[in-house]
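Student: Residue numbers (the working numbering): 34 to 327.
One structure is given below, represented as structure tokens, and several questions about it will come after.
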């Protein structure tokens, strides 16, 4: 089934998803003006895992949404409100908003804005991409995309798979979000502080620090009714070893941009306060990253 898809916030991940999905769908990227201009002039160039140029539509904003459109929100969570507010009166009953983002409860921000006007579902991805320059995105690794269960989710997953994205419907999206969150809480700040790629954070010399972060996350997750006993530092190390991808937080620090630390380690700290669990290591990481943002 060919779908009309809008990628809202087409940076690295959004652009890559837009490119892949454009194989069998009508895709529009909503991005910054320089990126838009370059794509409309020369196409979107994807390097790394593949070397292709995709011809697809790019715009800086939208003023109309067609029937049965899928909107994939790929902004950083702190930009969700600014992305959704301008389109809240454009969405229709058959619009679907898929929040493909990091962190806890990003979909709640969107639901609060659009209310019951349309279906809002959550997704997570471990696909790696780097924004090199306007019009060019590096495809670092193909990994999973998990989509929250809903009446339309299987169709979305089938569509994604047809386009070369490894997608499936999550049986427990909250648990899957927590699993990804724990990896991000360990990986992102450590890689950003040390200015190293993801694979380098698998160094066993960093295990004592990573375990402190990990243990705090596991305690909070347990109080949040999430069982992640299958995870360990060794599991995370194995998953990221050899990866040349730069974490999104590392990329943001390099570019002098605001990071998602408040929705990763910061979210763990806030939930810890709710449950009476102290998280001094995660709290310290939040402070360090915020200073680096300055």
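No residue lacks a Cβ here, since even glycine has one placed at the ideal position from N, Cα and C.
The model shown is predicted, which means the values in this text are computed figures rather than measured ones.
Would you grab the beta carbon distance between residue 108 and residue 39 for me? Rounded to a whole angstrom, and I think it's under 8 angstroms.
Tutor: On the chain shown, position 75 is the one that residue 108 refers to. On the chain shown, position 6 is the one that residue 39 refers to. About 12 angstroms separates the two Cβ atoms, so there is no contact after all.
Student: So, using beta-carbon positions, are residue 298 and residue 241 closer together than 8 angstroms?
Tutor: Translated into positions along the chain shown, residue 298 becomes position 265. Translated into positions along the chain shown, residue 241 becomes position 208. Going by C-beta atoms, residue 298 is not nearer than 8 angstroms to residue 241.
Student: For residue 43 and residue 261, what's the separation of their Cα atoms in angstroms?
Tutor: On the chain shown, residue 43 is found 10 positions in, with the first residue counted as 1. On the chain shown, residue 261 is found 228 positions in, with the first residue counted as 1. Computed Cα separation, rounded: 32 angstroms.
Student: Specify the secondary structure class of residue 225 as computed by DSSP and reduced to three states.
Tutor: Here residue 225 refers to the residue found at position 192 when the chain shown is read from its first residue. Helix, per DSSP.
Student: Looking only at DSSP bridge pairs, what is residue 32 linked to?
Tutor: The displayed coordinates of the chain run from 34 to 327. Any statement about residue 32 would go beyond what the structure contains.
Student: Are the CB atoms of residue 269 and residue 294 nearer to each other than 8 angstroms?
Tutor: By 1-based counting over the chain shown, the position of residue 269 is 236. By 1-based counting over the chain shown, the position of residue 294 is 261. Result no, Cβ atoms of residue 269 and residue 294 do not sit closer than 8 angstroms.
Student: Give the DSSP-derived three-state secondary structure of residue 242 in the structure shown.
Tutor: On the chain shown, position 209 is the one that residue 242 refers to. Residue state, collapsed to three classes: helix.
Student: Is it the case that the Cβ atoms of residue 183 and residue 154 are separated by a distance below 8 angstroms?
Tutor: Within the chain shown, residue 183 is the residue found at index 150, counting from 1. Within the chain shown, residue 154 is the residue found at index 121, counting from 1. Yes. Within cutoff.
Student: From which residue to which residue does the beta strand (DSSP E) around residue 108 run?
Tutor: Within the chain shown, numbered from 1, the residue matching residue 108 stands at position 75. Counting along the chain, residue 108 falls outside any beta strand (DSSP E), and DSSP gives it neither H nor E.
Student: Taking 8 angstroms as the threshold, find out whether the segment 202-217 comes into contact with the segment 252-261 through three or more Cβ pairs.
Tutor: Touching, per the Cβ criterion.
Student: Under 8 angstroms between the Cβ atoms of residue 135 and residue 296?
Tutor: Walking along the chain shown from the start, residue 135 turns up at place 102. Walking along the chain shown from the start, residue 296 turns up at place 263. Cβ distance < 8 angstroms, so residue 135 and residue 296 count as in contact.
Student: What are the boundary residues of the beta strand (DSSP E) that includes residue 61?
Tutor: In the chain shown, residue 61 corresponds to position 28, counting from 1. Unbroken beta strand (DSSP E) run through residue 61: 59-63.
Student: How many whole angstroms separate the CB atoms of residue 170 and residue 48, which I take to be in contact at a CB cut-off of 8 angstroms?
Tutor: Translated into positions along the chain shown, residue 170 becomes position 137. Translated into positions along the chain shown, residue 48 becomes position 15. Their Cβ separation, rounded to whole angstroms, is 5 angstroms, which keeps residue 170 and residue 48 in contact under 8 angstroms.
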